[in-house]
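Chains as they are written, first to last, in the numbering used here: chain A, 105 to 314; chain B, 105 to 314.
Take a look at the structure set out below.
This is the structure:
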């Protein structure tokens, strides 16, 4: 399929389409109109049509969208038809939380390792895995070729670790550290503080409306 | 200050400005041009000027922006000049991770309680706090009037708990459950799966570029 250059803001909405369409598909629902889709997702119907037009437009006048094929197209666009091996760097609470967070496996993400430098944590169980010594990461990568490194380590160590992961052949970084990463690899940063600040804004601006 | 209706997409960029300006301010830097600001943040200079114009425009031709006053204005816009009491619902790994995540306190967020329904967790230490029984939350709220509830409980329990928090007088919900919340309160949802799917897209689309 020919793809136009898709703005990241549209890409960021696709997981939401994907999740909802997956739920519909699981319920055996075969088609959906852009009106219903938009209402459920909180977008406007014209935004839904615009978003999906980026990918060739799968809707048909008077029919709407076929749930399964739209879901599968979005899955392909997001690269979810592939499988990704994920390694967690940092076996603290956040590392454990990510490892145990439900729903990653069925999206094609498989956690294959968790590493730390803390001797008290190395050897401990973490989900189905055992925490490994960070010094063994390079060797692990040579054998297992993980794709994604989830960084849940202190921000002081993050830049240096990001460089190592790049050298070890990782394809992307999922960053939970409270710092921006400069890397030639694709990086997706989860800024928890920014999210909480956005909530503060919503609270204080809705308070002003009263 | 008169505020125009600010699109949420602009609001979502403000924490990033705020963090960077705070760093500059800590380093004693007094002014910055929109060019430098945009370069550091990865936005275009015209986007920076547009974003900041929403709030009356604090830049001066040939001078740029005063770091401290711009930071303080953004702080006010985000509602960070206020203080927020946060309660964590769910004392699993994610609840602990949030409680221990650095940098919330200096943004005005104070964690005042963590609750669970699991007898094995109630009474255990969590950061400076002790895990309390969820049955005692209502009484706690009557005394302490927390503002924000961070939901780190299974998605099956989330809708019901969100209703309770609303009834108990919370002002906003920070949702980590893998489900959308319908509430009359402001909600900010951290979709970890969506973030990982976005990374998958970046990886697969950059792979196509090779």
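Even glycine gets a Cβ: it sits at the ideal position worked out from N, Cα and C.
| query | result |
| --- | --- |
| Residue from 218/A, 290/A, 309/A, 175/A whose Cα sits closest to the Cα of residue 120/A | 175/A |
| C-beta neighbour in chain B for residue 307/A, strict 9 Å | yes |
| Exposure label - residue 188/B; buried when at least 16 CB within 10 Å | buried |
| Chain-ordered chain B contacts of residue 121/A [CB-CB under 8 Å] | Result: empty, since nearest Cβ-Cβ is about 10 Å, beyond 8 Å. |
| Below-9 Å beta-carbon distance, residue 294/B vs any chain A residue | yes |
| Length of the line joining the Cα atoms of residue 256/B and residue 278/B | 9 Å |
| is_contact[residue 159/B, chain A] using C-beta, thresh 9 Å | no |
| Check whether residue 129/A and residue 171/A have beta carbons under 9 Å apart | yes |
| Span separating the alpha-carbon of residue 239/A from that of residue 192/A | 14 Å |
| Contacts around residue 141/B, its chain only, beta-carbon distance under 6 Å, and the 5 residues preceding and following it disregarded | 152 |
| Ranges of the alpha helix (DSSP H) found wholly within the segment 167-193 of chain A, counting only runs of at least 4 | 171-181 |
| Proximity test, Cβ basis, 9 Å: residue 245/B and chain A | no |
| Residue from 230/B, 139/B, 145/B whose Cα sits closest to the Cα of residue 216/B | 230/B |
| Beta carbon proximity, residue 111/A to chain B, threshold 9 Å | no |
| Residues bridged to residue 220/A [DSSP beta-bridge criterion] | 237/A |
| Cα-Cα separation between residue 186/B and residue 166/A, rounded to whole angstroms | 51 Å |
| Three-state class that DSSP yields for residue 105/B in the structure shown | Confidence in residue 105/B is poor, its pLDDT being 44 and thus under 50, which makes the residue's placement unreliable; the coordinate value appears in the next sentence. Note: residue 105/B maps to coil in three-state DSSP. |
| Bounding residues of the beta strand (DSSP E) (the contiguous stretch that carries residue 226/B) | No beta strand (DSSP E) holds residue 226/B; DSSP gives it neither H nor E. |
| Same chain only: Cβ atoms within 7 Å of residue 287/A, ignoring 5 sequence neighbours per side | 266, 270, 277 |
| Three-state secondary structure assigned by DSSP to residue 215/A | strand |
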